[in-house]
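Peer 1: Read in order, the letters of the sequence shown correspond to residues -26 to -1, 1 to 376 in mature numbering (1 follows the signal peptide of the UniProt record, and there is no 0).
Note that beta-carbon positions come from the ideal geometry of N, C-alpha and C, so glycine has one too.
Structure incoming, see below.
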Amino acid sequence: MFDHHRLVIFLVLSCVLIFKSTIVSSSVIHHPKQSNDEKLKLVFLFHRHGERTPYMLYPNDPYKRNITETVGIGQLINKGKQRLYRLGEYLSKRYYNKCGDRFPIEQKSPRKVYVRSSGSERCLQSVSLLLAGMFPPEGEWKWNQNLGSLWQPFAIQTVPFDHDTLLNPDYKCPVAEHVLDQIYHSEEAQNIQRKYQNLLHKVANWTGYKPEEMNIVNASYIYDVLLSEHNFGLPYPEWLDNNIWNDLKNINNEVFRFNSSNRKIQRFRCGSMFGEIYRQLKAHFGNDSQSNDNHHQIYIYSTHDEWLAQFLSSMQVYNGIPPFFGSTIMLEVYQEPQNNGEPYFKGFYLNSTETGHAYPLQFPSCNEPCTLTKFHESIKDLMIEDPKILEHECYVDIQKYL
């Protein structure tokens, strides 16, 4: 355990020293429109990790040794490190300034930030790099004249990946797995399977799978492997042409849709996070909020593409395109201090760190202004505040489906 954390810290420090001299953030930062009266009070950020090596390899993958004997399976690569550092710089400019419409720069403190990561190494490293870009030490937070002027440590909360009900989109839940199995045996899913049957047989032959093993889910895994190996600088296989690539991409899009569109699945995968958000909102704006003088301003969660798709789907704003590396959902909480009005949400989605443009999210189930009361009403059927409830629904309720 000690060696693992020491390795993570070493990688982050190395990247900071390199990136500070080589990376320039996008000069175009699109700030959300604000009225003169509203004040930013709180921010929830949910981001995908950066580019990585494949998290699995197919049976006759020609690049097994290139990956397993270098970076390793499912590990953050340099392109991903650079992307997440730039994302941090973008977020710094978005949320801190001297104009009065964001958080004041003098409040740019590690004590104002709460960070939680999926237990996977690529997520832990990604959020470490994001924090390095977002919070270079300033003023009293500089702890020496060399490294201490470039980087500062943050506490990153996490739990073992297999036990993470908050940010792991595939944690063990028998009922969720049963519901998903029903979805893939539905007429809609079977029609897609039949549509691409000839391609699936060919892909099975090219990749070393048995024909009966190659379904649309495994084809989406192959798509991910090919994309990840290409990001790692490895050539595409000879059998891959544009038509095959586009078909695999379409299959991957459909698989993401199936994995996130069911309301029951959304409750199992995102319900704990909605409970987490609601707890934080009550702490900030509830009756006893004034007794807590150490409020965080920004909550950052480092997670995976499938979880982001499930979260967007639960809010009815998923566009059908799997979240790219570094994609970030931003839930911003505002309040108009003049009339002490009820706080309300504004949602944004950054699906390209290159453009610096975060698209506004219009929640169909929570019309503007999306007050905290309306937000709670829109997600109360999904929200799980007690882990025991989730465990009961995942395991005990399986008897209802058998």
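With DSSP collapsed to three states, give me the class of Asn205.
Peer 2: As a position in the sequence shown, residue 205 is number 231, starting the count at 1. In the structure shown, Asn205 sits in a helix (DSSP, three-state: H, G or I).
Peer 1: Just the C-alpha distance for Ser287 and Lys146, rounded to the nearest angstrom, thanks.
Peer 2: The sequence position of residue 287 within the sequence shown is 313, counting from 1. The sequence position of residue 146 within the sequence shown is 172, counting from 1. Distance between the alpha carbons of Ser287 and Lys146: 21 Å.
Peer 1: Hey, how far is the Cα of Ile271 from the Cα of Val89?
Peer 2: To locate residue 271, count along the sequence shown from 1; it is residue 297. To locate residue 89, count along the sequence shown from 1; it is residue 115. In the sequence under discussion, the amino acid at residue 271 is Gln, which differs from the Ile named in the question. Gln271 and Val89: Cα-Cα distance of roughly 11 Å.
Peer 1: Nearest to Thr329 by CA position, among Thr302, Ile157, Glu203 and Gln309, is which residue?
Peer 2: Taking the first residue of the sequence shown as position 1, residue 329 is located at position 355. Comparing Cα positions, the closest option is Thr302.
Peer 1: Under three-state DSSP, which class holds His21?
Peer 2: For the purposes of this step, residue 21 is identified with residue 47 of the sequence shown, where counting begins at 1. If DSSP states are grouped into helix, strand and coil, His21 belongs with the strands.
Peer 1: Take Glu250 as the anchor and find which of Asn34, His350 and Ile130 has the nearest alpha-carbon.
Peer 2: Here residue 250 corresponds to residue number 276 of the sequence shown, with the count starting at 1. The option with the nearest alpha carbon to Glu250 is His350.
Peer 1: Quickly, what does DSSP pair Ala344 with across the bridge? List them, please.
Peer 2: What you label residue 344 is simply residue 370 of the sequence shown in a count that begins at 1. It should be pointed out that residue 344 corresponds to Cys in this sequence rather than to Ala. DSSP lists Phe319 as partners of Cys344.
Peer 1: Note down the Cα distance separating Ser(-6) from Phe298, rounded to an integer number of angstroms.
Peer 2: Your numbering for residue -6 matches position 21 in the sequence shown. Your numbering for residue 298 matches position 324 in the sequence shown. Here the model assigns Ser(-6) a pLDDT of 40, short of 50, so the residue's position is not dependable, and the following value carries that caveat. Cα to Cα, the separation comes out at about 26 Å.
Peer 1: Report all residues from its chain with a CB closer than 6 Å to the CB of Ser352; omit the five preceding and five following residues, and keep chain order.
Peer 2: Stepping through the sequence shown from its first residue, residue 352 is reached at position 378. Within the same chain, Ser352 has close Cβ partners Ser339 and Cys340.
Peer 1: Would you tell me roughly how many angstroms separate the C-alpha atoms of Leu16 and Phe322, rounded to the nearest one?
Peer 2: For the purposes of this step, residue 16 is identified with residue 42 of the sequence shown, where counting begins at 1. For the purposes of this step, residue 322 is identified with residue 348 of the sequence shown, where counting begins at 1. Looking at the two C-alpha atoms, the distance is approximately 14 Å.
Peer 1: Tell me which residue opens and which closes the alpha helix (DSSP H) that Met304 is part of.
Peer 2: Taking the first residue of the sequence shown as position 1, residue 304 is located at position 330. No alpha helix (DSSP H) holds Met304; the beta strand (DSSP E) holding it covers Thr302 to Gln309.
Peer 1: Is there at least one non-hydrogen atom of the ligand GTP closer than 7 Å to the beta-carbon of Tyr333?
Peer 2: Among the ligands in the structure shown, none appear at all, so the ligand GTP cannot be discussed.
Peer 1: Helix, strand or coil for Ile274, going by three-state DSSP, please let me know.
Peer 2: Here residue 274 refers to the residue found at position 300 of the sequence shown. Strand at Ile274.
Peer 1: So, is Ile196 buried or exposed, given that buried needs 16 or more other C-beta atoms within 10 angstroms?
Peer 2: Position 222 of the sequence shown holds residue 196. Buried: at least 16 other Cβ atoms inside 10 Å.
Peer 1: With a CB to CB cut of under 7 Å and the five nearest residues on each side skipped, what residues in its chain are close to Cys344?
Peer 2: One-based indexing of the sequence shown puts residue 344 at position 370. The residues are Tyr318, Phe319 and Phe337.
Peer 1: Using DSSP with H/G/I as helix, E/B as strand and the rest coil, what is Gln164?
Peer 2: Translated into the one-based positions of the sequence shown, residue 164 becomes position 190. Reduced to three states, the DSSP call for Gln164 is helix.
Peer 1: In its own chain, which residues sit with a C-beta less than 7 Å from the C-beta of Ile300, not counting the 5 before and 5 after it?
Peer 2: Working through the sequence shown from its first residue, we reach residue 300 at position 326. Before going further, note that residue 300 is Gly rather than Ile in the sequence given. Once the five neighbours on either side are set aside, the close Cβ partners of Gly300 are His21, Arg22, Gly24, Arg57, Leu58, Leu61 and Thr327.
Peer 1: Hey, how far is the Cα of His175 from the Cα of Phe248?
Peer 2: Stepping through the sequence shown from its first residue, residue 175 is reached at position 201. Stepping through the sequence shown from its first residue, residue 248 is reached at position 274. Whole-angstrom Cα-Cα distance: 41 Å.
Peer 1: Could you name the residues of the same chain whose beta carbon sits closer than 8 Å to that of Asn227, not counting the 5 residues immediately before and after it, in chain order?
Peer 2: Locating residue 227 in the sequence shown gives position 253, where the first residue counts as 1. Hits under 8 Å: Gly294, Ile295 and Pro296.
Peer 1: Does the structure place the stretch 235 to 249 close enough to the stretch 355 to 365 that three or more beta carbon pairs sit under 8 Å?
Peer 2: The stretch 355 to 365, when compared against the stretch 235 to 249, does touch it at the 8 Å Cβ threshold.
Peer 1: Take every Cβ of the stretch 218 to 238, pair it with every Cβ of the stretch 189 to 207, and state whether three or more of those distances are shorter than 8 Å.
Peer 2: Verdict: yes, contact present.
Peer 1: Where does Phe259 fall in DSSP's three states?
Peer 2: On the sequence shown, residue 259 is found 285 positions in, with the first residue counted as 1. In this structure, Phe259 counts as helix in the three-state DSSP scheme.
Peer 1: In three-state DSSP terms, what is Asn71?
Peer 2: On the sequence shown, position 97 is the one that residue 71 refers to. It is a strand residue.
Peer 1: When you compare the CB positions of Arg96 and Gln49, do they come within less than 8 Å of one another, or not?
Peer 2: Start at 1 with the first residue of the sequence shown, and residue 96 comes out as number 122. Start at 1 with the first residue of the sequence shown, and residue 49 comes out as number 75. Their beta carbons are under 8 Å apart, which means Arg96 touches Gln49 by this criterion.
Peer 1: Of the choices Lys13, Asn34, Asn165 and Ala150, whose alpha-carbon is the least far from that of Asp371?
Peer 2: Position 397 of the sequence shown, counting from 1, holds the residue named residue 371. It is Ala150.
Peer 1: Alpha carbon to alpha carbon, what distance is there between Gly182 and Pro148?
Peer 2: On the sequence shown, position 174 is the one that residue 148 refers to. On the sequence shown, position 208 is the one that residue 182 refers to. Taking the straight line joining both Cα atoms gives about 30 Å.
Peer 1: When DSSP labels each residue in this structure, what does Leu14 get in the three-state scheme?
Peer 2: Counting from 1 along the sequence shown, the entry for residue 14 is found at position 40. Of the three classes helix, strand and coil, the one that applies to Leu14 here is strand, per DSSP.
Peer 1: Here's the rule I'm using: 16 or more other beta-carbon atoms within 10 Å means buried, otherwise exposed. How should Glu91 be labelled?
Peer 2: The residue given as residue 91 occupies position 117 in the sequence shown. Position check: residue 91 holds Ser in this sequence, whereas Glu was assumed. Per the 10 Å Cβ criterion, buried.
Peer 1: Among the candidates Lys184, Lys38 and Asn34, whose CA atom is the shortest distance from the CA of Pro28?
Peer 2: Here residue 28 refers to the residue found at position 54 of the sequence shown. For Pro28, the nearest C-alpha among the options comes from Lys38.
Peer 1: What does the Cβ neighbour count give for Met63, buried or exposed, with the cut at 16 atoms within 10 Å?
Peer 2: For the purposes of this step, residue 63 is identified with residue 89 of the sequence shown, where counting begins at 1. One detail in the question is off: residue 63 reads as Glu in this sequence, not Met. It is buried - the Cβ of Glu63 has at least 16 other Cβ atoms within 10 Å.
Peer 1: Does the distance from the C-beta atom of Leu173 to that of Asp221 stay below 8 Å?
Peer 2: The count along the sequence shown starts at 1 and reaches residue 173 at position 199. The count along the sequence shown starts at 1 and reaches residue 221 at position 247. A contact, by the Cβ cut-off of 8 Å.
Peer 1: Less than 8 Å separating the beta-carbons of Ser100 and Gly54?
Peer 2: In the sequence shown, the residue the question calls residue 100 occupies position 126. In the sequence shown, the residue the question calls residue 54 occupies position 80. Yes. Within cutoff.
Peer 1: Give the straight-line distance between the Cα atoms of Tyr32 and Asn118, rounded to the nearest whole angstrom.
Peer 2: If you number the sequence shown from 1, residue 32 lands on position 58. If you number the sequence shown from 1, residue 118 lands on position 144. Answer to the nearest angstrom: the Cα atoms are 48 Å apart.
Peer 1: In the structure shown, what three-state DSSP assignment does Lys362 receive?
Peer 2: Stepping through the sequence shown from its first residue, residue 362 is reached at position 388. Helix, per DSSP.
Peer 1: Counting along the chain, where does the beta strand (DSSP E) carrying Arg90 start and finish?
Peer 2: Position 116 of the sequence shown, counted from the first residue, corresponds to residue 90. Counting along the chain, the beta strand (DSSP E) containing Arg90 begins and ends at Val87 to Ser91.
Peer 1: Once the 5 residues before and after Ala332 are set aside, which same chain residues still bring their CB inside 7 Å of it?
Peer 2: As a first step, residue 332 is located in the sequence shown; it is residue number 358 there, counting from the start. Result list for Ala332: His4, Met304, Phe322, Tyr323 and Leu324, in chain order.
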